[in-house]
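To keep things clear, I will list the structure first and then write my remarks on it.
Residue numbers (our numbering): 55 to 184.
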């Protein structure tokens, strides 16, 4: 399998190399990082990937291993509150003060989930290919 790691301006939706986000041959499986402006797309057809080589903001990924490495390095695990009432109750039961956690929501939720076992938080890890 082959893919592309693409620089994206998510405000304008413009992609490096003028890549069309609606191209049916370039599948995006939610592998995006809005903070860094990166996106990974799988090449679903038999197009010649050399057309993307040497273009600023595009990296050709030539194997499952390269795609998975790009996922690991560019697409973070995301945390979100699924159940607000359960989340609040869990925080109260554990006696946690949210002022003692980072202001960054993702960092805070990660610490609450991973280090304190707070309920009502979901963890979404990007899927690998292969």
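Heads up, the beta-carbon is just placed ideally off N, CA and C, and yes, glycines get one too.
Beta carbon of residue i nearer than 7 Å to that of residue j
i           : j           : result
residue 80  : residue 113 : no
residue 57  : residue 121 : yes
residue 128 : residue 92  : yes
residue 61  : residue 111 : yes
Residue range of the unbroken alpha helix (DSSP H) whose run includes residue i
i           : result
residue 159 : 159–170
residue 92  : No alpha helix (DSSP H) holds residue 92; the beta strand (DSSP E) holding it covers 92–97.
residue 175 : Premise fails: residue 175 lies in the beta strand (DSSP E), 175–178, not in any alpha helix (DSSP H).
residue 121 : 118–128
Spatial neighbours of residue i in its chain, beta-carbon cut-off 6 Å, leaving aside the 5 residues before and after
i           : result
residue 176 : 134 and 136
residue 179 : 131
residue 141 : 135 and 174
Residue i (DSSP reduced to helix, strand or coil)
i           : result
residue 148 : helix
residue 108 : coil
residue 87  : strand
residue 183 : coil
Sequence-distant residues of the same chain with beta carbon closer than 8 Å to residue i, five excluded per side
i           : result
residue 150 : 166, 170 and 172
Proximal residues to residue i (C-beta, below 7 Å), its chain only, five neighbours per side dropped
i           : result
residue 182 : 122 and 125
residue 109 : 70 and 71
residue 144 : 172, 173 and 174
Residue i: first and last residue of the uninterrupted beta strand (DSSP E) it sits in
i           : result
residue 62  : 57–63
residue 132 : 132–135
beta-carbon residue i near the ligand MG non-hydrogen atom, thresh 6 Å
i           : result
residue 166 : What this structure holds is no ligand at all, so the ligand MG is not there to describe.
- Message: Three Cβ pairs or more, each shorter than 8 Å: is that satisfied between the stretch 133–143 and the stretch 160–171?
- Response: By the Cβ test, the stretch 133–143 is in contact with the stretch 160–171, since at least three Cβ pairs between them sit closer than 8 Å.
Take every Cβ of the stretch 67–81, pair it with every Cβ of the stretch 90–105, and state whether three or more of those distances are shorter than 8 Å.
At 8 Å Cβ cutoff, the stretches touch.
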